[in-house]
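Trainee:
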Amino acid sequence: MSFRPAFHPDFRSGPRAIAPGRLSPPRGGARVGLTVSRDDASVVKAASIPQTYGFSLVTSRLTKTGNNAANLIQNLGLWVVLLATVVAGIQEIWVMIEARQVKLTDLLLLFIYLEVITMVNVYWESGKLPVRMPLYIAMVALARYLILEAAHLGSAQVLAVSGGILVLALAVLVVRYGHLKMPYPDSARRPEKEEPAIKE
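Residue numbering for the sequence shown follows my numbering, beginning at 7 and increasing consecutively.
(1) Nearest CA to the CA of residue 118: which residue from 145, 109, 75?
(2) Taking its Cβ as the centre, do 16 or more other Cβ atoms sit within 10 Å of residue 78, making it buried, or is it exposed?
(3) Would you decide whether residue 125 is buried or exposed? Buried here means 16 or more other CB atoms lie within 10 Å of its CB.
(4) May I ask whether a heavy atom of the ligand ATP can be found less than 7 Å away from the beta carbon of residue 94?
(5) Per DSSP, what kind of secondary structure is residue 106 in: helix, strand or coil?
(6) Is the beta carbon of residue 173 closer than 8 Å to that of residue 137?
(7) Quick one: grab the DSSP three-state call for residue 125.
(8) Compare the beta carbon distance of residue 150 and residue 91 with 8 Å and say whether it is the shorter of the two.
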């Protein structure tokens, strides 16, 4: 920062000290002023910037890098789940081909695989996983177990499995009711899709 002194022709009273913030001394004294150029003002303004700006910039870059890494890991995990589900479905189809028969339990197992694929697709599209979809899978799995092991289960076990299916169904109803009547704040503030304007 540089100051350019401005001298005036009146030096009869001799030089006097200039108070801070004043451009010239009182009357009768040496008229020596300080002028500040625009470049100097920009230097002062730049010097007043907090020193934490660099730290905040580094923090934002680290946060962005972490988010990108987390998204990459999530996508890789979803691809692993998808490929593993497809392989399991192909293996089940191959078992049915070798046995030359299709049972209800086999169809229910394929339905579970389809539900898992649907879950992966929903997570890719919305970035969220609905709670009711795992409940559907659990219901189908219990129904498959009940059909597959019906000959080896006692009456108490059959009632227990059936009660578990009923509890899961009630849980789905509760989740659905809460989603409609008590939505989350982000979904409640979400604007409705505007209808496209019709050109005349």
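Even for Gly, the Cβ is constructed at its ideal location relative to N, Cα and C. Keep in mind that this is a model prediction, so the values were computed, not measured.
Mentor: This is what the structure holds:
(1) 145
(2) exposed
(3) buried
(4) Judged by which ligands are present, the structure shown has none, so any question about the ligand ATP falls away.
(5) coil
(6) no
(7) helix
(8) no
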